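Everything on this sheet refers to the single structure shown next.
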Amino acid sequence: MFLPGDVVEDVCAAVIENLHAEIPVSQAFAHFEGHFQLPVSSLDLTRYVGLVLIDGLSGASERLMEKIGDHSDVLFVGGAAGDDMKFRKTYVCAAGEAHTDAAVLLLLRLKNGFDILKTQSFLPTGKRLVATQVDEARRMVIQFDGKPALQAYAEAIGARPRGVPDHFMDRPLGLMINGEPFVRSPQRIDGNSMVFYCQIKEGMHLEVLKGTDIVADTRAALAARKSALGHISGLIDFHCILRTLELRSEKRCDEYGSIFSGIPAIGFSTYGEEYLGHMNQTSTMLLFR
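Below you can see the structure in the form of structure tokens.
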């Protein structure tokens, strides 16, 4: 039987409110330092890890993760709260209270260390797009390669513009870092522009991706990590809602769940995943050793 006390020595939580304004991450880290009686800069990065839970409709995930990275080398992993695809209002909770336009940061000190597994089911196609005009605040790309975004994307995936939404799930874009995609998923068409579930910056070079098998890929990724670690005491899976929808449409949710047989696991379907930034169509997992 797995209990939090088996792996967690201590934990401290901080609520950050009013994400639409300036995000006071420094106050959260000051709270952590007071609790653990250590400066954040001196924390053992093999035993301390952060969790981040954020209002999924705040549009602030990118800014929050950037500020966390500016304040600490402690790794934070997590996800954005959802509302079952209603897109009306989302909440995060701490100390028995629900908050919107807010985030909850938790800093954990672990007994035996941790690992983080980021897995997505996509491969690069070799076709690339450069964002040449964007509206970052709205997560909108106006132009790729100097062309209207809709036209450029349609050409890259070999589809007619009116049929583009049919390919959003299996032809997202990826920011490639060390050969690995950090996925940016299209949400909708706005005129000749494209709105994404994740921010794309002007000048960003992106790879057109193609979908593979979520179940097979996740099973292989987790098995490889378990073999490398030798043992996983438990895990938290921050699992993109778009992955959930794909599994539901293929009637493979039980098959996906069976991947975690023998490993105590919890998690939820997110409106975006957090690890070194904000991304989509990914599972970011905190593995307890």
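Using the working numbering, the letters of the sequence shown correspond one by one to residues 0 to 288.
No residue lacks a Cβ here, since even glycine has one placed at the ideal position from N, Cα and C.
Just so it is clear, the structure is predicted and the values come from calculations on it, not from any experiment.
Per DSSP, the unbroken alpha helix (DSSP H) holding Y255 starts and ends at C252 to S257. According to DSSP, residue pairing for T118 in a beta bridge involves S282. Taking a 10 Å sphere around the C-beta of Q36, we find fewer than 16 other C-beta atoms and assign the residue as exposed. In the DSSP assignment, the residues bridged to P185 are F195. Put simply, of F267, D134 and L128 the residue whose alpha carbon is nearest the alpha carbon of D189 is D134. Going by C-alpha positions, T269 is about 21 angstroms away from I22.
When secondary structure is reduced to three states using DSSP, M203 falls in the coil class, being assigned neither helix nor strand.
Restricting attention to A136, L172 and G125, the CA atom closest to the CA of A148 is found in L172. Sorting D165, M168 and N191 by C-alpha distance to the C-alpha of Q150 places N191 at the top. Taking V91 as the centre and dropping the five residues before and after it, the same chain places the C-beta of L52, I53, D54, A80, H98, A101, A102 and V103 closer than 7 angstroms to its C-beta, in chain order. Each residue's CA atom was taken as its position, placing V214 and S41 some 39 angstroms apart. Excluding the 5 residues flanking it on each side, K225 has same chain C-beta neighbours closer than 6 angstroms at I231, in chain order. Residue state for K88 is assigned as coil, using DSSP reduced to three classes. Between L106 and the set R127, A158, G77 and T131, the nearest pair of CA atoms involves G77. If you ignore the 5 residues before and after G266, its C-beta comes within less than 7 angstroms of the C-beta of I235, D236, F237 and H238, all in its own chain and listed in chain order.
For the pair F113 and L286, the CB atoms are nearer than the 8 angstroms cut-off. Cβ-Cβ distances below 8 angstroms link L122 to L208, K209 and T211 in the same chain, with the five nearest sequence neighbours on each side left out; the list follows chain order.
Taking a 10 Å sphere around the C-beta of K88, we find fewer than 16 other C-beta atoms and assign the residue as exposed. Residue range S60 to H70 is occupied by the alpha helix (DSSP H) that includes L63, with no beta strand (DSSP E) assigned at that position. In the structure shown, the three-state DSSP call for S268 is strand. The beta carbons of F167 and R183 sit no closer together than 8 angstroms. Annotation: A27 to G229 spans about 34 angstroms, alpha carbon to alpha carbon. Close CB contacts of C11 within its chain, under the 8 angstroms cut and outside five residues either way in sequence, are with H30, F31, H34, F35, L105 and L106 (chain order). Per DSSP, D9 is one residue of the beta strand (DSSP E) stretching across V7 to E16.
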